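J.: Would you mind keeping the following structure in view while I ask a few things?
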Amino acid sequence: MVRRTQQHRKHAALKLGGVGVLAVVLLGGGLTLASADDAAEPQTANCPTVRDKLSNVPAAAVAGVEQELANLDKQIAEANVRLAQQAANPQGGPAFIQNAILGPLASKRTAALDRIGINISRVGGQRPDLASLATCGLNAAGVPSAVNANAGNGNAGNAGNGNAGSGNAGNANAGNGNAGNGNAGNGNAGAGVAQRVNCPTVADRLPAVPAQAAAEVRRELANLESQIADANARLARQAANPQGGPNFVRNAIIGPLEDRRVAAINRIATAIGRVDGNRPADLVNLARPCSAR
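Residue 263 is where the sequence shown starts when you use my numbering, and the numbers rise one by one after that.
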């Protein structure tokens with residue numbers, strides 16, 4: 263009887279391999295969860311980039327501008343977490359996403375864009391007109407959000423301040439786009455330019471994800487991006503208003519980030535193991551090391 267049950271489970275697993283198990287495929291640095299049963303993929307926020315619209319930012323305003331660019335990325339990351347949750351557990355009517363996610367996102371972006379303008383004009387620069395960049399739409403399911411960490415090659419400072427940030431290799435199409443999970447801050451970091459977080463990517467290291475675990479895995483990948491966006495915002499604030507000794511960034515920002523990543527990655531492993539009985543315990547090694555560059 264036990265043998266027959268085991269054979270039945272094995273047959274069911276093979277069947278799932280062709281119908282219900284999502285294959286994790288790395289495409290252009292991003293994660294695609296492909297399934298023959300068309301499991302719901304989350305949409306992501308499609309917001310205009312801001313960094314590449316800025317030019318001739320006075321040196322005295324660079325730190326404040328960097329802080330607000332990091333805040334804009336954090337806002338996108340938070341919206342993508344909510345969109346991933348909505349994809350997994352739909353609620354509200356047809357206008358829910360606009361009213362509960364995109365509308366509030368636009369309001370927060372308006373405030374951040376206004377603060378960028380204030381930072382620039384306060385030190386004698388020409389205040390840019392950024393109001394049109396506040397409104398966001400939706401990307402197609404699985405398409406990553408464009409964020410300011412890798413928004414072209416625009417400079418956030420005058421000549422000599424260098425590029426205030428370079429591209430990030432994010433966890434990509436898992437509900438949150440490229441909110442900062444790869445090599446960051448590769449430009450010439452002039453005075454007051456914020457560091458950015460560099461952590462191992464996770465989406466491209468996952469095993470096959472069972473269909474029943476896909477929604478939870480996407481939520482946690484989105485959470486990982488939100489955590490990095492939050493740490494980048496804190497690094498931007500640290501650049502604008504330095505505090506603590508030489509170990510402050512490690513002890514107050516990077517260390518806590520790694521702890522949060524351990525929890526999120528363990529939840530990913532548990533979600534996978536709960537379905538197929540094969541919990542990928544080694545995933546937690548991707549929680550660290552993180553660094554600030």
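Even glycine gets a Cβ: it sits at the ideal position worked out from N, Cα and C.
Computed from a predicted structure; not experimentally measured.
To which residues of the same chain is ARG522 closer than 6 angstroms at the C-beta, ignoring the five residues directly before and after it?
T.: Excluding positions up to five away in sequence, the list reads GLN489.
J.: If you run the structure through DSSP and keep just helix, strand and coil, what is GLY326?
T.: DSSP places GLY326 in helix when its eight states are reduced to three.
J.: How big is the Cα-Cα spacing for ASN443 and ILE338?
T.: In this prediction, ASN443 has a pLDDT of 36, which is less than 50 and means its spatial position is unreliable; what the coordinates show is noted afterwards. Those two C-alpha atoms are separated by around 14 angstroms.
J.: Does the distance from the C-beta atom of ASN410 to that of ARG313 stay below 8 angstroms?
T.: In contact: ASN410 and ARG313 (Cβ atoms closer than 8 angstroms).
J.: Taking the alpha carbon of VAL511 as the point to measure from, which residue in VAL471, VAL343, ALA456 has its own alpha carbon closest?
T.: Of VAL471, VAL343, ALA456, the residue nearest in Cα terms is ALA456.
J.: With DSSP as the reference, label GLY399 as helix, strand or coil.
T.: Strand at GLY399.
J.: CA-CA distance, GLN353 and ASN509?
T.: Spanning the two alpha carbons is a distance of roughly 44 angstroms.
J.: DSSP puts PRO518 in a beta bridge; with which residues?
T.: In the DSSP output, where bridge partners are listed per residue, PRO518 has none listed.
J.: Excluding the five sequence neighbours on either side, which residues of its own chain have a C-beta within less than 7 angstroms of the C-beta of GLU340, listed in chain order?
T.: Same-chain partners within the cutoff: SER488.
J.: CB-CB under 8 angstroms to ARG467, same chain, minus the five flanking residues each way: which ones, in chain order?
T.: For ARG467, where only same-chain residues beyond five positions count, the Cβ hits under 8 angstroms are LEU545, LEU548.
J.: If you compare alpha carbons, which of ALA484, GLY506, ILE516, GLN505 is closest to ALA526?
T.: Ranking ALA484, GLY506, ILE516, GLN505 by Cα distance to ALA526 puts ALA484 first.
J.: For SER369, tell me which candidate among GLY326, ALA498, ARG458, CYS309 has the shortest Cα-Cα distance.
T.: Selected option, being the one with the closest Cα: CYS309.
J.: Taking its Cβ as the centre, do 16 or more other Cβ atoms sit within 10 Å of ASN540, making it buried, or is it exposed?
T.: Label assigned to ASN540: exposed.
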